[in-house]
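*Asks:*
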Amino acid sequence: MDSALTTIGLPIALGVIMLGLGLGLTTRDFTRLLSMPWTIVLVLGCQIVLLPIVCFGLVLLFVSRFDLSPMLAVGMMMVAASPGGTTASLYSHLFKGNVALNISLTAINSLTAMVTLPIVTGLSLRYFTDGGSIGLQTGKLLQVFAVVLIPVVIGMAVRARATAFADRMERPVKIGSVLVLVAVIVGAIAAEWANLPRYIVAVGLMVLIFNLVSLTVGYWAPRMIGTRRPEAVASCMEIGLHNTTLSLTIAVTVLGSTEIAVPSAVYGVLMFFTAAGAGLLLARRETRDRAAGVGGTVHRSTN
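End of the sequence shown = 305 in my numbering, gap-free, step of one.
1) Taking only three categories from DSSP, how would you classify VAL18?
2) Skipping 5 residues on each side, what residues in its chain have a beta carbon closer than 7 Å to that of GLY295?
3) Using 8 Å for Cβ pairs, my map puts ILE315 next to LEU46. What's the rounded Cβ distance?
4) Looking at the structure shown, is GLY86 part of a helix, part of a strand, or coil, going by DSSP?
5) Between GLY281 and VAL175, how many whole angstroms is the CB-CB distance? I'm expecting something under 8 Å.
6) If you drop the 5 nearest sequence neighbours on each side, which residues of the same chain put their C-beta closer than 7 Å to that of LEU74?
7) Just how far apart, CA to CA, sit LYS2 and SER71?
8) For GLU233, which of LEU107, PRO199, ASP132 has the nearest alpha-carbon?
9) Which one or two residues does DSSP pair with HIS95 in a beta bridge?
10) Under 8 Å, do LEU119 and SER91 count as touching if we go by C-beta distance?
11) Would you mind reading off the limits of the alpha helix (DSSP H) that contains VAL264?
12) For ALA159, is the classification buried or exposed, using 16 other Cβ atoms within 10 angstroms of its Cβ as the cut-off for buried?
13) Pick out whichever of GLU240, ILE42, ARG290 has its Cα sitting closest to the Cα of SER94.
14) Against chain B, does GLU261 count as a neighbour if the rule is that its beta carbon must be under 8 Å from one of theirs?
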């Protein structure tokens, strides 16, 4: 993948997006999260524990049935262990999710990934290749914090001092965010255009299955304990949209393997489309439920 896109273009674009999201947030949005501790625990549990287990089973199936290479197997496990991506907040914003929950989950999961990502990667290397392990990529994960938190804090500070201005900017920022997202998607596809056919043949089906499972678990696991729709949408996007830039960068720069990076590259492009599809389906479901007199406003969080 084009290094300029992943190391400069994408972080800048996401920083601008997060600044816009911060304009619509107040500290009260975050203090309300204290009322839903079990939702946060459940989402993090799904992302940190359940998904790597599911991915491991999926990888074993593809190794035995489709002769998946050991390096691609390791790459898939790295995708599963990577934290939620910062684009999850944008998708949550577009489809009326709880953005504050996304930001909090991304921050917490990025912190835990400093331990879990090296552990999962090391165990995967030992199991599939008899290789070694990697150290903590503190610098890369601190970049996630910087991209997520600093622009949001600036946006919230602007809102606190100029609420009317922040309100006026809500619609332009939403439109601008969509345009930025489209530009990122186009850039990602263009950067990998020559390699996409080969990548898709190698891991496309496996990546698609895992991505759809992630989105499904992300939405329905919280709903099963009575969590409201906005928080379930936030969970869906947080679990379905991984920080593949992080796992891809580690694969190439630390492990020195472009093959290990292939699942991250494919997932990083595919997830934009599947997450958009999931968001549209959930929006249609909400409209249908409201017409029937049920839906998101009926459910109350039991946390």
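Yeah, the Cβ is synthetic: ideal placement off N, Cα and C, and Gly gets one too.
*Replies:* Quick look at the numbers:
1) helix
2) none
3) Outside the shown range of the chain, which is 3 to 305, sits residue 315, and nothing can be said about it.
4) strand
5) Actually they are not in contact, since the Cβ atoms of GLY281 and VAL175 sit about 18 Å apart, beyond 8 Å.
6) ALA204, VAL205, GLU261, VAL264, PRO265
7) Because the chain spans 3 through 305 in this model, residue 2 falls outside it and cannot be assessed.
8) LEU107
9) The partner list for HIS95 (beta bridge, DSSP) is empty, contrary to what the question assumes.
10) no
11) 260-293
12) exposed
13) GLU240
14) The structure shown has no chain B; it contains just one protein chain.
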